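Student: I have a structure here, written as C-alpha cells, and I will follow up with some questions on it.
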Amino acid sequence: MHRPFDHVFDRIGVFGPGASGVVVIVRPVLAELRIQGLGVIEDATLDLHPGLTVVTGETGAGKTMVVTGLHLLGGGRADSSRVRRGATRAMVEGRFLLPPAETDAEPPGDEDADEAPRSALHLAADAGAALDDDGSLIAARTVSADGRSRAHLGGRSVPMAVLGDVTDAALAVHGQHEALRLLRAAEQRAVLDRFAGAAVAEPLAAYRRTRTAWRRAVTELTRRRDQAREMSREADMLRHGLTEIEAVDPQPGEDADLVAEARRLADADDLRATATGALAALAGPPDGTGEDPDAVGLLGEARRRLQGSDDPALAGLDPRLAEAAALLGDAAAELTDYLERLEADPARLEQVLARQADLKGLTRKYAADIDGVLAWADDARAKLEGLDTSDEALAALAAEAEQLAGEAAGHAATVSAARREAADRFGAAVSAELDGLAMGSASVQMAVAPKDAAGPEALTVEGRSVVAGPDGVDEVELLLTPHAGAPALPVHKGASGGELSRVMLAVEVVLAGADTTPTLVFDEVDAGVGGRAAVEVGRRLARLARTHQVVVVTHLAQVAAYADRHLVVDKGGLADAGDTDGVTRSAVRTLDDGDRTIELARMLAGTEETETGRAHAEELLAAAAADRSASTEEGDAGADAPTPITRGATTRRSGSRRSRRAG
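In terms of this note's numbering, the sequence shown has 237 at position 237, counting the first letter as 1, and numbering is strictly consecutive.
Right, here's the structure in full:
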C-alpha cells in the first residue's frame, strides 16, 4: 500500500502547524483502506482524506461493502457469504497514520492504567505489533470462503478481540442499524451515559461495585434466615466431627510412622535371632563358647600364613586382607549395637496398636489417611464461619447489608443527578440540530426517572424505594414534541418516517460531536432527508470534519458537495471478455473537480448529460465551498490561536473506548 498523503491538509483537530511551518498529524487517521474479494469489489483502494470523505455510487454498485469492510476491520462478525464468488477469501486492510508524539511516547505503566484510556498505538504495542518505517500501523482482516477468519496488526497475527480493541480506539461507525437501535429503551440509557462521559461513568462504576457487594450480603443474610434449621443441623455435624478429630489430635504423617514402629516391635524376637546368627558368623558367639570357625578368625589365620611366605606375590595380598578384616570388624560392631538397642517392649506395642485404632476410626469417617482427615478439619472450620445463624452473626450481616445499601444509594443518586444534567444538555443539543433540519418547532427531551419497587432487593434513594438495576435506578426514554402544543411522546410514536430519520440523524450528529474517537463513519444516516434539510446534513458533517476524520456513505448530492474528497463506486460489467463467472466487478475511484460535477448531476437527476443538471451541481459545489469557507472563518475568529504541535508534544488521546461490532 502506498502513502496516500503526499500533500498537506491543514485540518483543525487532525493536523496542526509544526514549529517550522510544517503541518503534522495531531490525531490518528485512517489514511488508506484496501478491499479485496468482498461482494462486488474485486480489488479497490480508498485514499481517505483526514477531513470529510464521501462515498457515492449507484444502487447495487457496492457502497455498502466499504462499511462492511470497516466493520470487519473493527472485529465484527465474519460472514462467508460476503466473500466474492470465485474468490478464496475476502481481505480488508487499513493503514492508520499516528501522531509523532504518540509514536514517540512510551506506553503507560500499570500505575497509569486507570487514569487514561489507552491509545490505538499502545494497544497494538501490547499485542506485539510493529509500525511501518513511516510510523503507520497496518491492520488487516481476512475471511475465507469457508468462514475462517484471521486478524493481523503490524504484520503479527492477533486474536480478533485485540484487533477490535485497537480499531475501536481509532474509528466508530454510525449507521442506519445503529440509529434504529436508539429506538429501543435499553439503548437510550447507554446513549445518554455515553454523552455524559465521566460524570456518569465514574459514579456508575462505583455503584456497580457496591451494588454487587450489597446483593451478595443480602443474599447471604436471606439464605441464613431461610435455611437456619438446615444450616444449624449441618453446623452441628461439622462441630461433632471437629470435636472427634481434636480429641484424637492426629499429627501429619503419624499413621505411616506408627505402621513402621508396630512392625518393628512385633518382629523383635525374629529380628534378634537374625542379628545374633549373623554376628556369630562374623566374630563368633558373644560368650566365646562356639566351636565353629568365624569369619574374623579365618581371615586372621589367612593373614598369618601369607605374612610368613617369602614369595612377594603372596605377601602383597596382606593389605587387601587387612582391609577386609576392618570391614568385617565394622559390620560386627554395628550388629552388636543393633542387638543392644533391640529390646522387646510389649507395653509400647500395645500403645502403638491402640493409637492406630484411634486413627483408623478417623480415616473410616473423614478421609483415606490422616493428612486427608486434617484437610477435612480445615474445610469444616471454614464452612462453620458461613453457617453461623446466631443472633449476633445475623445482626452483623444485616448491618453490613444496610451499610452497603446506603453506599449504593449514594452512588445511584450521584449517577441520577449526572444523568438529569446531561439529559438537559442532550435534549437542547438535539433540538438545536432539528432546527437546522427543517424541524424548528420540534424539540427532544431525554426523560430520566427512577422506577418504583419494593422488597429486599430495592434501594431507598432520596426517600424513594426504587429498582436497583446493574445500570443504576433510572429509566431513560427519548421523547419528541413534534410541534408547539403537542404532547411529548416516545420518539417511535411521535415521529413520522421522515421526521424519525431526521431525529435519528440529529442524535447521531450530537453523539458524534461528543465522540473523541478520531475517525467517524456514517452509513447513509441521511436516508429520508431531502431539500434544505439535506444541505444542513452536509453542513453538519463538514463541521464535524473540523475535529474528526469523517467518512460518509451517502446518496445525497447536497451532502457530497461538502466533501474534501469524493470517492465513487462504479458498477461495471465483467472485467474480462473471457470471464464467465457472471459476477459484477465494481471499482472505486477518486473524482477530480470535473468528475464531481458529473457525479453530483447524476445524483440529482439520474443523468449526467443535461446542462441543467451540470449547472445545478456546480451551484451546489460553489455554495458548499462558500459555506465551508465562511464557517471556517467564523470558527477561527471565535477560537484561540492553536498551539503549535511539534514532534514529542503531547497529543490528544482518543478518549474512552467503546465496543462497536457488526451485528
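Cβ coordinates follow ideal geometry from the N, Cα and C atoms, glycine included.
Bear in mind that the values here come from a model prediction, so they are computed numbers and not experimental data.
(1) Assign Thr-167 to one of three DSSP states: helix, strand, or coil.
(2) Run through DSSP, which three-state label would Pro-490 get?
(3) Mind listing, in chain order, the continuous alpha helix (DSSP H) runs of no fewer than 4 residues lying wholly within the region 326-370?
(4) Just how far apart, CA to CA, sit Asp-10 and Pro-50?
(5) Glu-457 by DSSP, collapsed to three states: which one?
(6) Distance check for Asp-379 and Val-191, CA to CA, integer angstroms please.
(7) Starting from the C-beta of Leu-183, find all residues in its chain whose C-beta is less than 6 Å away, skip the five residues before and the five after it, and write them out in chain order.
(8) Taking the beta carbon of Val-218 as the centre, do at least 16 other beta carbons fall within 10 Å, making it buried, or is it exposed?
(9) Any idea what DSSP makes of Glu-323, helix, strand or coil?
(10) Ends of the beta strand (DSSP E) at Gln-251?
(11) Tell me which residue opens and which closes the beta strand (DSSP E) that Gly-37 is part of.
(12) Mind checking who Glu-93 pairs with in its DSSP beta bridge?
(13) Rounding to the nearest angstrom, what Cα-Cα distance links Asp-371 and Gln-356 in this structure?
(14) Please report the Cβ distance between Ala-401 and Leu-221, rounded to the nearest whole angstrom; I am assuming they are in contact, meaning their Cβ atoms lie under 8 Å.
(15) Measure the CB-CB distance between Leu-384 and Pro-250 and report whether it falls below 9 Å.
(16) Starting from the N-terminal side, write out each stretch of the alpha helix (DSSP H) that is 4 residues or longer and does not extend beyond the region 257-326.
(17) Quick one: using the 10 Å Cβ neighbour count with 16 as the cut-off for buried, is Leu-604 buried or exposed?
(18) Pull up the DSSP beta-bridge partners for Val-551, would you.
(19) In angstroms, rounded to a whole number, what distance separates the CA positions of Ala-623 and Thr-516?
(20) Taking DSSP as the reference, what is the three-state secondary structure of Ser-441?
(21) With a cut-off of 8 Å on the beta carbons, I'd call Asp-526 and Thr-481 a contact; round off their distance for me.
(22) Buried or exposed: where does Gly-578 fall if 16 or more other Cβ atoms within 10 Å of its Cβ makes it buried?
(23) Any idea which residues DSSP pairs Ser-629 with across the strands?
(24) For Lys-451, count the other beta carbons within 10 Å of its own beta carbon; 16 or more makes it buried, fewer makes it exposed. Which is it?
(25) For the beta strand (DSSP E) holding Leu-183, just list the boundary residues, first then last.
(26) Rounded to whole angstroms, what is the Cα-Cα separation between Ala-442 and Ala-495?
(27) Look at the alpha carbon of Arg-540 and the alpha carbon of Ala-405, and state the distance between them as a whole number of angstroms.
(28) On the three-pair Cβ rule with 8 Å, is the region 585-593 touching the region 558-574?
(29) Only counting the same chain, and skipping five residues up and downstream in sequence, which positions put a Cβ closer than 6 Å to that of Ala-272?
(30) Taking the alpha helix (DSSP H) that Leu-131 falls in, what are its first and last residues?
(31) With DSSP run on the structure shown, which of helix, strand or coil describes Leu-192?
(32) What do you get for Ser-416, buried or exposed, if any count of 16 or more other CB atoms within 10 angstroms of its CB means buried?
(33) Hey, quick one: how far does the alpha helix (DSSP H) through Ala-44 stretch, first residue to last?
(34) Between Gly-472 and Val-461, what straight-line distance do the alpha-carbon atoms span, to the nearest angstrom?
(35) Leaving aside the five residues before and after Ala-124 along the sequence, list all residues of the same chain whose C-beta is less than 7 Å from its C-beta, in chain order.
(36) I believe Leu-479 touches Pro-490 by the beta-carbon criterion, under 8 Å. Please report the beta-carbon distance rounded to the nearest angstrom.
Tutor: Let's see:
(1) Reading the sequence shown from its first residue, position 167 is the one you call residue 167. If DSSP states are grouped into helix, strand and coil, Thr-167 belongs with the helices.
(2) Walking along the sequence shown from the start, residue 490 turns up at place 490. Reduced to three states, the DSSP call for Pro-490 is strand.
(3) 346-365
(4) The residue given as residue 10 occupies position 10 in the sequence shown. The residue given as residue 50 occupies position 50 in the sequence shown. No answer about Asp-10 holds up, because its pLDDT of 37 lies below 50 and its placement is not dependable.
(5) For the purposes of this step, residue 457 is identified with residue 457 of the sequence shown, where counting begins at 1. Coil.
(6) As a first step, residue 191 must be located in the sequence shown, where it is residue number 191. As a first step, residue 379 must be located in the sequence shown, where it is residue number 379. For Val-191 and Asp-379, the distance between alpha carbons rounds to 48 Å.
(7) As a first step, residue 183 is located in the sequence shown; it is residue number 183 there, counting from the start. Same-chain partners within the cutoff: His-492.
(8) Residue mapping note: residue 218 aligns to position 218 of the sequence shown, counting from 1. Counting Cβ neighbours within 10 Å, Val-218 comes out buried, since at least 16 surround it.
(9) Position 323 of the sequence shown, counting from 1, holds the residue named residue 323. Three-state DSSP puts Glu-323 in a helix.
(10) Position 251 of the sequence shown, counted from the start, is the residue given in the question as residue 251. Note, Gln-251: premise wrong, no beta strand (DSSP E); not H, not E.
(11) Residue numbering aside, residue 37 sits at position 37 when the sequence shown is read from its first letter. Gly-37 -> beta strand (DSSP E) spans 29-38.
(12) Locating residue 93 in the sequence shown gives position 93, counting from the first residue. DSSP lists Arg-34, Ala-140 as partners of Glu-93.
(13) Along the sequence shown, one-based indexing puts residue 371 at 371. Along the sequence shown, one-based indexing puts residue 356 at 356. So the alpha carbons of these two residues sit roughly 14 Å apart.
(14) Numbered from 1 along the sequence shown, position 401 holds the residue referred to as residue 401. Numbered from 1 along the sequence shown, position 221 holds the residue referred to as residue 221. The Cβ separation is near 6 Å, so the contact holds.
(15) By 1-based counting over the sequence shown, the position of residue 384 is 384. By 1-based counting over the sequence shown, the position of residue 250 is 250. Result no, Cβ atoms of Leu-384 and Pro-250 do not sit closer than 9 Å.
(16) 268-283, 295-307, 312-315
(17) For this step, residue 604 is matched to residue 604 along the sequence shown. It is buried - the Cβ of Leu-604 has at least 16 other Cβ atoms within 10 Å.
(18) On the sequence shown, residue 551 is found 551 positions in, with the first residue counted as 1. Per DSSP, Thr-53, Val-521.
(19) Here residue 623 is taken as the residue at index 623 of the sequence shown, counted from 1. Here residue 516 is taken as the residue at index 516 of the sequence shown, counted from 1. Spanning the two alpha carbons is a distance of roughly 29 Å.
(20) Residue 441 sits at position 441 when you count from the first residue of the sequence shown. Coil at Ser-441, not helix or strand.
(21) As a first step, residue 526 must be located in the sequence shown, where it is residue number 526. As a first step, residue 481 must be located in the sequence shown, where it is residue number 481. Going by Cβ atoms, the distance from Asp-526 to Thr-481 rounds to 23 Å, so no, they are not a contact pair.
(22) Reading the sequence shown from its first residue, position 578 is the one you call residue 578. With a pLDDT of 46 at Gly-578, under the threshold of 50, the predicted position of this residue should be treated as unreliable, though the coordinate-derived value follows. With fewer than 16 Cβ atoms within 10 Å of its Cβ, Gly-578 is classed as exposed.
(23) The residue you call residue 629 lines up with position 629 of the sequence shown. None; Ser-629 has no bridge partner.
(24) Here residue 451 corresponds to residue number 451 of the sequence shown, with the count starting at 1. Per the 10 Å Cβ criterion, exposed.
(25) Along the sequence shown, one-based indexing puts residue 183 at 183. Premise fails: Leu-183 is in no beta strand (DSSP E) and is neither H nor E.
(26) Locating residue 442 in the sequence shown gives position 442, counting from the first residue. Locating residue 495 in the sequence shown gives position 495, counting from the first residue. When rounded, the distance between both Cα atoms is 10 Å.
(27) Taking the first residue of the sequence shown as position 1, residue 540 is located at position 540. Taking the first residue of the sequence shown as position 1, residue 405 is located at position 405. Taking the straight line joining both Cα atoms gives about 45 Å.
(28) yes
(29) The residue given as residue 272 occupies position 272 in the sequence shown. Rather than Ala, the amino acid found at residue 272 in this sequence is Arg. Here the set comprises Leu-342.
(30) In the sequence shown, residue 131 corresponds to position 131, counting from 1. Per DSSP, Leu-131 belongs to no alpha helix (DSSP H) and is neither H nor E.
(31) Against the sequence shown, residue 192 aligns to sequence position 192. In the structure shown, Leu-192 sits in a helix (DSSP, three-state: H, G or I).
(32) Taking the sequence shown and counting its residues from 1, the one referred to as residue 416 is at position 416. Buried, because 16 or more other Cβ atoms sit within 10 Å of the Cβ of Ser-416.
(33) Within the sequence shown, the letter at position 44 stands for residue 44. No alpha helix (DSSP H) contains Ala-44, which is instead part of the beta strand (DSSP E) from 41-47.
(34) Counting from one through the sequence shown, the residue named residue 472 turns up at place 472. Counting from one through the sequence shown, the residue named residue 461 turns up at place 461. Their backbone Cα atoms lie some 11 Å apart in a straight line.
(35) The residue labelled residue 124 in the question sits at position 124 within the sequence shown. Result list for Ala-124: Leu-137, Leu-153, Gly-154, Val-166, in chain order.
(36) Walking along the sequence shown from the start, residue 479 turns up at place 479. Walking along the sequence shown from the start, residue 490 turns up at place 490. Yes, Leu-479 and Pro-490 are in contact; Cβ-Cβ is about 6 Å, under 8 Å.
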